[in-house]
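A short worksheet on the structure shown next.
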Amino acid sequence: MSSPLLLEPDLIAAGENVMPELNNDLLLAKNFLKQQSAATGDSLYDHLVDIVHKIISQKPPNVVDNFEKYSWEVKADKFRPNFDLLNDVYLTPPQLAVVRRMEEMFQLVARKAEKMEDFGEEEQELDLEEDTDKPRVSDLVDHNYYFRQGGYGLPESECYAVYIALNMLAIKEPVATVRFFGKIFGTKANYYVAETDLTVEELDRRIREFEMKDMPGEGEGLDEDRLPEAEEHKEEVGEGEAVDEKSKEPVPPKLPPVPVSTWQPPPPIPVERPGQGVNRKVFWVCNLPGDPWICLPDVTPDQIRVSRLTVRCMTGDLDAEVQTFPPFEGTERNYLRAQIGRIQAATSISPQGFFTYGSGEEEDIDLEEGAGDMAFNPNPFYQGHTLKDLLDPNLTYWVHHGKYILNQGRTLWWNPNVGMEEGLEEEDDEGPPPIEPESGPMLFTSLAEDSRIESQASWTPRTSTKLTPERALVVMRSNIWPGAVAYATTGKKSECMYIGWGLKSQPPNFTPLQLPLPQDEYPVGPEVMEMVDPTFADEEAYRIAHLPPPPPPVIAEEGAFGEEEEEED
């Protein structure tokens, strides 16, 4: 039965018998509890909800005995100003470790900035030469703003943290320039990639180490030359014993000779030295802003060749094993470096005239000879292009400023017959057949000459806005390497960035390389062919044919028989 207080007053006054309605009674009771106080504006319903929430979240003992205490604490919290918003924030140990690394990074960059501010004007004038040697860090925050206008780029909070991490790299490592290359996703962790140029001293040191690796060590061939002498000496010392032992042993059956392979591996393609070709830039990676930057090793031509034949996602662990066919030489750090080199060569684009050879002055430059490794710098006389030209679907106003990687895995072609020709000059006049050198598109080749993908252009241009053309910019998106973008304004700004999985688009699908057919171990002949099992008749005939001959009959003499008879009697 419902309480008479919860019924309508008119029905109670009339004294009518009313059937209880649960939903109606609950609604009336809830409305009664939600009546607000004239002094504070709170209601009993909200107060009970806060008390229950506090008790369930804290789960204290003896709730019934301390119920009034919790009611008072809930009322007191409403009158306490919440100035500290981080008071109730709980960080897990991994999050706390990330925050501490970020704090160390910010403090390091802040101390460096304070030292720069402490220099006076007089000291700065005296240290002009030192200022020129300071690393130049690309303004990622500014470039990311334009990428965001076109719908790409990093979030603002992440972009600022990466920019501070680039400054930390410039402080700790011997680099001359620092630029944010992009972000490569992984199955377990991501990679933030920084592209740098080393200082002159560091580059010279690495070149010396590279040349020392190619030089043969002292005394490498001495042991090999002495091996035949040692073997002869061993044979002379134990010659008598060996002959005696061999004479006692049974003679083994004759077996067919072991086949000798006539295949000769091709000569290894030399690696381009640091500061040249695919190793012109040095790349650094980290999993999170604030983590220490790790320098990636130089890439080899064989690693680039194998990476073109495989498709593999990154894991985020530089020491992870790369299991592919053909086999890849190295770990994920080498595979990541190979993919970065391929992406840089294919997606480094800029408006026509943005870069130029040398310093921009008129010089006699032979573009046909050595153009694959020539240096280029921003053009100081570049004035920009119109929005219509940058959006041209023929892509004639955009060019490549990344060096093309040949099939050898190098930017400069290497002749594999160089060593063979030198060795055959004195002996024979006939040398190996000449090989046509590989050639690729030169620097600053227009995007109009790029190959198409299923009747689709390799790049897709788009504008950030059509409502205000004076503030619009053009963004180029790659269809060959999804995630590679570049922007250009009508002024003098342009930049490239890659944010993706590090995989190339291969329509209609990827076909892995087939395993080679097994080779014949021995030539097919009667020596190695299996014999047919003989039948029972054949075995019986063979047994009869190989029976021993019967012994000859013995003929007895006459004297012998007479003597035997006498003995018997």
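Numbering (full-length UniProt numbering), first residue to last: 1 to 569. Glycine residues also receive a C-beta, built at the ideal position from the N, C-alpha and C atoms. It should be emphasised that the depicted structure is a prediction, and the values quoted were computed from it without experimental measurement.
- Counting only runs that start and end inside the stretch 478-523, the beta strand (DSSP E) elements of at least 3 residues fall at 484-488, 494-500.
- Where alanine 176 is concerned, there is no enclosing alpha helix (DSSP H), although the beta strand (DSSP E) around it starts and stops at 175-184.
- For tryptophan 413, the secondary structure class from DSSP, reduced to helix, strand or coil, is coil.
- Residue pairing by DSSP places glutamine 36 opposite Ser43 in a beta bridge.
- Judged by DSSP secondary structure, tyrosine 542 falls within the alpha helix (DSSP H) whose first and last residues are 536-545.
- The three-state secondary structure of phenylalanine 67, taken from DSSP, is helix.
- Taking all protein chains shown into account, arginine 410 has 16 or more neighbouring C-beta atoms within 10 Å of its C-beta and is therefore buried.
- Taking C-beta atoms as the reference points, methionine 168 and valine 98 fail to come closer than 8 Å.
- In this chain, threonine 356 is not harboured by any alpha helix (DSSP H); it is covered by the beta strand (DSSP E) spanning 355-357.
- Counted as a single uninterrupted DSSP element, the stretch harbouring cysteine 159 is not any beta strand (DSSP E) but the alpha helix (DSSP H) occupying residues 156-172.
- Rounded to the nearest whole angstrom, the CA to CA distance from leucine 33 to valine 52 is 15 Å.
- For proline 461, the three-state secondary structure derived from DSSP is strand.
- Contact between proline 297 and arginine 273 is absent: CB atoms are separated by about 13 Å, not below the 8 Å threshold.
- Look at phenylalanine 283 here: in three-state DSSP terms it is strand.
- Membership of valine 200 in any beta strand (DSSP E) is not indicated; the residue belongs instead to the alpha helix (DSSP H) covering 200-214.
- Here threonine 347 is not near tryptophan 501, since their CB atoms are 8 Å or more apart.
- The secondary-structure analysis by DSSP pairs tryptophan 398 across a beta bridge with Pro351.
- Under the DSSP assignment, phenylalanine 381 falls outside any beta strand (DSSP E); it carries neither an H nor an E label.
- Rounded to whole angstroms, serine 138 and valine 178 show a C-alpha spacing of 6 Å.
- Bounds of the alpha helix (DSSP H) holding aspartate 142 are 140-149.
- With contacts defined as CB atoms closer than 8 Å, arginine 471 and isoleucine 405 fail to qualify as a contacting pair.
- Classified as exposed, aspartate 42 has fewer than 16 neighbouring CB atoms from the shown chains inside 10 Å of its CB.
- Here glutamine 456 carries a strand assignment [DSSP, helix/strand/coil].
- Note that the C-beta distance between lysine 112 and isoleucine 164 is not below 8 Å.
- The C-alpha of threonine 356 is placed about 11 Å away from the C-alpha of valine 399.
- Under the criterion of beta carbons closer than 8 Å, glycine 402 and tyrosine 382 do not qualify as touching, at roughly 18 Å.
- Relative to valine 306, the option among Arg337, Cys286, Cys295, Asp319 whose CA is nearest is Arg337.
- Going by DSSP, proline 20 is part of no alpha helix (DSSP H) at all; its letter is neither H nor E.
- The three-state reading of DSSP puts methionine 102 in helix, counting H, G and I together.
- A buried status is given to glutamate 195, since no fewer than 16 other beta-carbon atoms sit within 10 Å of its beta-carbon.
- Residue range 301-307 is occupied by the alpha helix (DSSP H) that includes glutamine 303.
- Per the C-alpha coordinates, the member of Asn287, Thr489, Asp46, Leu28 positioned closest to glutamine 36 is Asp46.
- Closest in C-alpha terms to lysine 493, from the list Leu44, Lys75, Asp142, Phe210, comes Asp142.
- Per DSSP, reduced to three states, the secondary structure at aspartate 197 is strand.
- For lysine 59, no alpha helix (DSSP H) segment is defined, and its DSSP state is neither H nor E.
- For glutamate 321, the secondary structure class from DSSP, reduced to helix, strand or coil, is strand.
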